[in-house]
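Trainee: Structure below; questions to follow.
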Amino acid sequence: MEYHKYKVQLKQVVMESFHKLAAQYDVIVMEGAGSCCEMNLKDRDLVNFEMAKAADAKCILVADIDRGGVFAQIIGTYGLMSKTERQLTIGFLINKFRGDPRLFESGIRYIENKTGKPVLGLVPYFEDIHIDAEDSVSVQMDKRPFKEISAQSVNIAVPRLPAISNFTDLEILDKEPGVVVNYLSRPNKLTPEYDWLILPGTKNVMTDALWLARRGWKKRIKEFARSGKYVLGICGGYQLLGEWVEDPFGVEAARGRVRGIGLLPVKTVLEQEKIVRKVVGRSMVYDSNVKGYEIHMGRTYVQGKRGYAFALIHEPGKSKSWEDGWVTDDKHIMGTYIHGVLDSPSFRAEILNKIRALKGLKTRRPRKGRLARFAQYDKLADHFEKHCDIQRIFTLVGLRA
10 MEYHKYKVQL
20 KQVVMESFHK
30 LAAQYDVIVM
40 EGAGSCCEMN
50 LKDRDLVNFE
60 MAKAADAKCI
70 LVADIDRGGV
80 FAQIIGTYGL
90 MSKTERQLTI
100 GFLINKFRGD
110 PRLFESGIRY
120 IENKTGKPVL
130 GLVPYFEDIH
140 IDAEDSVSVQ
150 MDKRPFKEIS
160 AQSVNIAVPR
170 LPAISNFTDL
180 EILDKEPGVV
190 VNYLSRPNKL
200 TPEYDWLILP
210 GTKNVMTDAL
220 WLARRGWKKR
230 IKEFARSGKY
240 VLGICGGYQL
250 LGEWVEDPFG
260 VEAARGRVRG
270 IGLLPVKTVL
280 EQEKIVRKVV
290 GRSMVYDSNV
300 KGYEIHMGRT
310 YVQGKRGYAF
320 ALIHEPGKSK
330 SWEDGWVTDD
340 KHIMGTYIHG
350 VLDSPSFRAE
360 ILNKIRALKG
370 LKTRRPRKGR
380 LARFAQYDKL
390 ADHFEKHCDI
400 QRIFTLVGLR
410 A
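Numbers in our numbering are just positions in the sequence shown, counted from 1, shifted up by 9.
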């Protein structure tokens with residue numbers, strides 16, 4: 010069924026989800042996608058003004074001044090809005106400003122005079138912050154330089170899967186001292202100097218499995234693992250490390266099955282029902298508590314003897330528990346469905362220190378994981394609050410400060 014015909018059904022599901030959230034929370038923040046006024050796509054819109062109208066939501070148009078053309082962005086977009094869309098729009102935010110804000114005061118007056126709407130904030134470019142990038146877009150558009158690897162660092166390789174997702178699992182490693190993380194496009198870049206290979210999540214495990222085989226990654230990863238190196242697969246990466254991935258319902262591709270890398274004795278069957286849940290549990294390898302979340306299609310079945318990586322996995326507040334993942338006898342190759350598992354300081358430090366010990370490097374104490382991340386979000390919130398008219402935004406939205 011074509012998207013525009015399916016949209017009616019999609020909108021019903023979206024609104025059901027919205028009403029569930031509205032029953033639980035006082036404030037819901039909705040982020041649109043792309044431009045809100047792509048005229049050739051407006052009749053098929055579902056996530057921008059279409060959703061705002063359905064929820065009767067107050068809207069703030071955010072412009073990126075760092076890209077240039079901020080006046081055209083704001084005034085042009087506002088000019089393309091319908092009367093209803095203009096009524097929903099309460100003002101504008103200008104993001105990533107560089108320089109002296111006093112020099113832009115006349116620019117703010119110009120925008121307000123042209124549109125009749127207030128500029129609610131001029132947010133300076135903020136570099137002193139370390140938060141997760143916005144999923145896979147940042148990898149595909151990656152501007153970070155290739156980092157030099159050395160015998161004095163723990164060197165981590167991440168294959169750039171075409172459908173890579175949830176790569177934020179790896180952000181915490183990028184902030185570890187003495188750790189180098191590189192995203193590799195070609196298997197010949199996976200040299201013996203790397204210590205650990207991590208396969209992240211993927212939006213399409215079937216096509217990525219074929220890509221790994223076609224590009225020579227499958228063979229190279231097996232050679233890497235046989236040399237005694239460490240390998241970790243998270244969610245889709247865990248599925249890829251297994252023997253087979255089957256798709257009997259055509260969830261990701263035409264019905265069929267593809268071979269995995271074959272490093273773990275497991276088989277995955279993709280199902281129509283997506284599993285989404287927060288989880289906590291305990292590592293069977295390093296005797297440490299872990300927590301995170303699962304979001305995946307399908308279930309993974311053990312082929313042979315049991316070697317679970319995690320036990321007592323359960324949803325917070327619920328008693329039912331289960332085992333998760335798989336680990337080889339030498340503890341070097343592991344797979345898990347738990348996103349955020351590396352945020353656990355003790356679990357992360359155990360693996361890194363095992364690698365350091367093999368290289369003759371000094372071990373390090375674990376750094377804070379999620380707590381440090383929350384501190385960065387607080388820093389961003391403080392920055393935002395300092396440079397925006399929060400009181401006015403609250404008033405226009407109908408909230409008390």
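The beta-carbon is built from N, C-alpha and C at its ideal position, and this holds for glycine as well.
Go through its chain and collect everything with a Cβ distance to Gly213's Cβ below 6 Å, but skip five positions before and after it.
Mentor: Working through the sequence shown from its first residue, we reach residue 213 at position 204. The amino acid at residue 213 is misidentified as Gly; the sequence shows Asn. Only Ala172 and Glu261 meet the Cβ criterion.
Trainee: Distance check for Gly187 and Leu193, CA to CA, integer angstroms please.
Mentor: Within the sequence shown, the letter at position 184 stands for residue 193. Within the sequence shown, the letter at position 178 stands for residue 187. Between the alpha carbons of Leu193 and Gly187 lies a gap of roughly 19 Å.
Trainee: Determine the direct distance from the alpha carbon of Lys314 to that of Ser236, and round the result to whole angstroms.
Mentor: By one-based count along the sequence shown, residue 236 stands at place 227. By one-based count along the sequence shown, residue 314 stands at place 305. About 23 Å.
Trainee: State the DSSP-derived secondary structure class of Ile364, mapped to helix, strand or coil.
Mentor: The residue given as residue 364 occupies position 355 in the sequence shown. Of the three classes helix, strand and coil, the one that applies to Ile364 here is helix, per DSSP.
Trainee: Can you tell me which of Leu351, Gly344, Pro127 and Lys340 puts its alpha carbon nearest to the alpha carbon of Glu332?
Mentor: Position 323 of the sequence shown, counted from the first residue, corresponds to residue 332. Selected option, being the one with the closest Cα: Gly344.
Trainee: Is there contact between the stretch 56-66 and the stretch 75-82, where contact requires at least three CB pairs shorter than 8 Å?
Mentor: Touching, no.
Trainee: Rounded C-beta distance between His348 and Gly301? I'm assuming under 8 Å.
Mentor: Within the sequence shown, the letter at position 339 stands for residue 348. Within the sequence shown, the letter at position 292 stands for residue 301. With 8 Å as the limit, His348 and Gly301 qualify as a contact, their Cβ atoms being about 5 Å apart.
Trainee: Comparing C-alpha positions only, which one of Pro110, Ile37, Gly130 and Gly125 sits nearest to Arg401?
Mentor: Residue 401 sits at position 392 when you count from the first residue of the sequence shown. Among Pro110, Ile37, Gly130 and Gly125, the Cα nearest to that of Arg401 belongs to Gly130.
Trainee: CB Val190 to CB Leu199, shorter than 7 Å?
Mentor: Here residue 190 refers to the residue found at position 181 of the sequence shown. Here residue 199 refers to the residue found at position 190 of the sequence shown. No, these two residues do not count as a Cβ contact at 7 Å.
Trainee: Can you name the residues that DSSP bridges to Met306?
Mentor: By one-based count along the sequence shown, residue 306 stands at place 297. Note: Met306 sits in a beta bridge opposite Lys283.
Trainee: His139 by DSSP, collapsed to three states: which one?
Mentor: Locating residue 139 in the sequence shown gives position 130, counting from the first residue. Three-state DSSP puts His139 in coil, outside helix and strand.
Trainee: Among Gly43, Val275, Ala166 and Arg291, which has the Cα closest to the Cα of Leu208?
Mentor: Mapped onto the sequence shown, residue 208 falls at position 199. Nearest C-alpha to Leu208: Ala166.
Trainee: Pull up the distance between the alpha-carbon of Val278 and that of Gly307, whole angstroms please.
Mentor: Sequence index remark: in the sequence shown, residue 278 carries index 269 (1-based). Sequence index remark: in the sequence shown, residue 307 carries index 298 (1-based). One C-alpha to the other measures close to 5 Å.
Trainee: If you scan the stretch 193-272 from start to end, which runs of the beta strand (DSSP E) of 3 or more residues do you find wholly inside it?
Mentor: 205-208, 239-243, 253-256 and 265-268
Trainee: Buried or exposed: which applies to Gln18, given that a residue is buried once 16 or more other Cβ atoms fall within 10 Å of its Cβ?
Mentor: Numbered from 1 along the sequence shown, position 9 holds the residue referred to as residue 18. Exposed, because fewer than 16 other Cβ atoms sit within 10 Å of the Cβ of Gln18.
Trainee: Could you check which residue in Val294, Lys327 and Val311 has the C-alpha nearest to that of Val288?
Mentor: The count along the sequence shown starts at 1 and reaches residue 288 at position 279. If we check each option's Cα against that of Val288, Lys327 comes out closest.
Trainee: Rounded to whole angstroms, what's the CA-CA distance from Pro354 to Lys20? Just pull it up for me.
Mentor: Along the sequence shown, read from residue 1 onward, the residue named residue 354 stands at position 345. Along the sequence shown, read from residue 1 onward, the residue named residue 20 stands at position 11. Cα to Cα, Pro354 sits roughly 41 Å from Lys20.
Trainee: If we count Cβ pairs, one from each stretch, closer than 8 Å, do we get three or more for the stretch 318-326 versus the stretch 359-373?
Mentor: no
Trainee: Do Leu249 and Leu273 have their C-beta atoms within less than 7 Å of each other?
Mentor: Here residue 249 corresponds to residue number 240 of the sequence shown, with the count starting at 1. Here residue 273 corresponds to residue number 264 of the sequence shown, with the count starting at 1. Their beta carbons are not under 7 Å apart, which means Leu249 does not touch Leu273 by this criterion.
Trainee: Check each candidate in Glu252, Gly334, Gly259 and Val23 and name the one with the smallest Cα separation from Glu280.
Mentor: Taking the first residue of the sequence shown as 1, we reach residue 280 at position 271. When each option's Cα is compared against that of Glu280, the closest is Gly259.
Trainee: For a test of the three-state rule: what should DSSP assign to Asn164, helix, strand or coil?
Mentor: Within the sequence shown, numbered from 1, the residue matching residue 164 stands at position 155. For Asn164, the three-state secondary structure derived from DSSP is strand.
Trainee: Inspect the beta-carbon positions of Phe101 and Leu55 and report whether they are closer than 7 Å.
Mentor: Looking up residue 101 in the sequence shown gives position 92. Looking up residue 55 in the sequence shown gives position 46. Contact check for Phe101 against Leu55 fails: the beta carbons are separated by 7 Å or more.
Trainee: Please give me, in chain order, every unbroken run of the beta strand (DSSP E) with length at least 3 that falls completely inside the stretch 58-114.
Mentor: Residue ranges of uninterrupted beta strand (DSSP E) with 3 or more members, entirely inside the stretch 58-114 and ordered along the chain, are 68-73 and 98-106.
Trainee: For the beta strand (DSSP E) containing Phe319, list its first residue and its last residue.
Mentor: Along the sequence shown, one-based indexing puts residue 319 at 310. Start and end: Phe319 to His323.
Trainee: Report all residues from its chain with a CB closer than 7 Å to the CB of Ser162; omit the five preceding and five following residues, and keep chain order.
Mentor: Position 153 of the sequence shown, counting from 1, holds the residue named residue 162. Cβ neighbours of Ser162 beyond the five flanking positions: Gly187, Val188 and Val189.
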